[in-house]
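Only one structure is covered here, and it is reproduced in the block below.
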Amino acid sequence: MTLNSVFIGLVSHSKSTFPESQGPSGLAAELIESFAQLGVKCQIQINTRDFFDENSFPITSAMARASIREEIRLESQWSSFLGRADRVREIKRIAGRYGKFAISWRENSQPSELRRLLNIEYSHVDLYRSAVELGSDWALILEDDAAGADVDGLTRGLVDLFQSKIQPKYINLSASFPLVALGVQHLLTINSTAQWKGSQARIVYQSERPATNTVCAIAFRTEFLSQILADFDSQPTSSSEPVVPIDWKLNASLMRLWEKGAIESNECWFVEPAPIIQLSMVQDRAGN
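Residue numbers (this note's numbering): 98 to 385.
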């Protein structure tokens with residue numbers, strides 16, 4: 098299939114610890130230049146606004162506690178959805194999270210964390226809408242801690258996947274967590290029809306069920322992104338539902354879309370080793 102255009106969206110903010118991501122040396126800008134060299138039209142949008150702060154509503158300690166309870170509930174539902182092998186261990190882990198929450202409920206009552214989560218969520222959703230409105234074939238949504246050492250190789254690999262005869266609905270590109278930590282290895286098989294054409298050898302896996310590896314770097318077919326947005330819009334607003342990180346909001350949407358048949362087996366792909374690293378995760382692991 099012919100690739101006509103790609104939308105690249107960057108989630109950042111004015112006080113980011115990765116300010117270089119917003120400039121010419123950032124991954125988003127380098128990708129634009131690299132795509133252009135291959136003759137692919139690109140449009141870029143860099144969000145540095147705090148969307149929630151511009152149109153805020155009151156948030157309370159009770160909302161903060163409800164947010165954490167909902168995240169734990171979704172994590173349990175997601176684990177069951179993925180069919181992780183050691184279910185007993187998963188149940189114990191989730192129970193441990195509930196126990197820790199109950200013990201530390203005062204620490205989990207901070208409304209300021211909700212403000213941060215909502216600013217991130219609204220920035221992501223704004224980029225989703227822009228990609229759909231512009232009508233690009235694909236949308237690559239990045240967070241500002243996304244980095245890649247071989248941008249030209251990344252671009253060549255993406256162009257080939259975006260033009261593959263059999264296309265996925267979305268592609269996970271971040272090395273945020275190892276596959277074993279995600280608990281998705283049993284869902285993956287090598288995609289024999291799609292091979293990575295970048296300079297470094299990588300394997301393209303297809304997943305029996307939709308799964309994610311954080312929202313640091315995901316490429317979406319824009320027509321599927323419009324279905325995600327429609328699902329988001331069908332849910333209660335953030336002011337009347339528990340607030341969860343955008344990662345979990347997306348996971349919840351994927352589960353609903355799976356039930357509706359909007360995404361089917363093998364329409365979610367992973368590239369391994371992932372071509373994009375999440376710098377904040379690398380720093381956290383180094384600190385530990």
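Note that the Cβ used here is the ideal one computed from N, Cα and C, for glycine as well.
In this text the structure is predicted, and so the values were computed from the model without any measurement.
Taking the beta carbon of residue i as the centre, do at least 16 other beta carbons fall within 10 Å, making it buried, or is it exposed?
i	result
residue 117	exposed
residue 218	buried
residue 132	buried
residue 277	exposed
residue 154	exposed
residue 180	exposed
residue 233	buried
residue 124	buried
What first and last residue would you give for the beta strand (DSSP E) that runs through residue i?
i	result
residue 102	102-108
residue 355	From DSSP, residue 355 is part of no beta strand (DSSP E) but of the alpha helix (DSSP H) over 343-357.
residue 301	300-304
residue 317	314-318
residue 373	That residue, residue 373, is in no beta strand (DSSP E); it is neither H nor E in DSSP.
residue 238	235-240
residue 268	267-269
In whole angstroms, what separates the C-alpha of residue i from that of residue j?
i	j	result
residue 182	residue 361	21 Å
residue 286	residue 320	25 Å
residue 167	residue 274	22 Å
residue 98	residue 323	20 Å
residue 140	residue 186	45 Å
residue 298	residue 163	44 Å
residue 102	residue 137	6 Å
residue 375	residue 343	16 Å
residue 114	residue 271	19 Å
residue 263	residue 212	40 Å
residue 250	residue 363	24 Å
Could you work out which residue in the options is closest to residue i when comparing CA atoms only?
i	options	result
residue 237	290, 313 and 297	313
residue 296	125, 255 and 138	255
residue 221	316, 352 and 338	316
residue 359	163, 231, 152 and 318	318
residue 175	211, 328 and 308	308
residue 326	346, 113, 310 and 311	346
residue 352	173, 164, 101 and 156	173
residue 210	341, 365, 104 and 113	341
residue 142	152, 225 and 242	225
residue 206	227, 159, 169 and 171	159
residue 148	223, 230 and 235	223
residue 150	214, 120, 122 and 105	214
residue 280	129, 310 and 251	310
residue 152	336, 348 and 357	336
residue 208	369, 120, 165 and 178	165
residue 377	126, 240 and 229	240
residue 348	269, 294, 282 and 379	269
Taking the continuous alpha helix (DSSP H) assigned at residue i, which residues delimit it?
i	result
residue 152	Residue 152 -> no alpha helix (DSSP H), and no H or E assigned at all.
residue 231	208-231
If residue i and residue j are in contact, beta carbons under 8 Å, what's the gap, nearest whole angstrom?
i	j	result
residue 284	residue 253	Not confirmed; about 27 Å, so no contact.
residue 245	residue 372	6 Å
residue 354	residue 328	6 Å
residue 303	residue 366	6 Å
residue 157	residue 110	About 23 Å separates the two Cβ atoms, so there is no contact after all.
Using a Cβ cut-off of 7 Å (strictly closer), state whether residue i contacts chain D.
i	result
residue 166	Absent from the structure is chain D; it holds one protein chain and no more.
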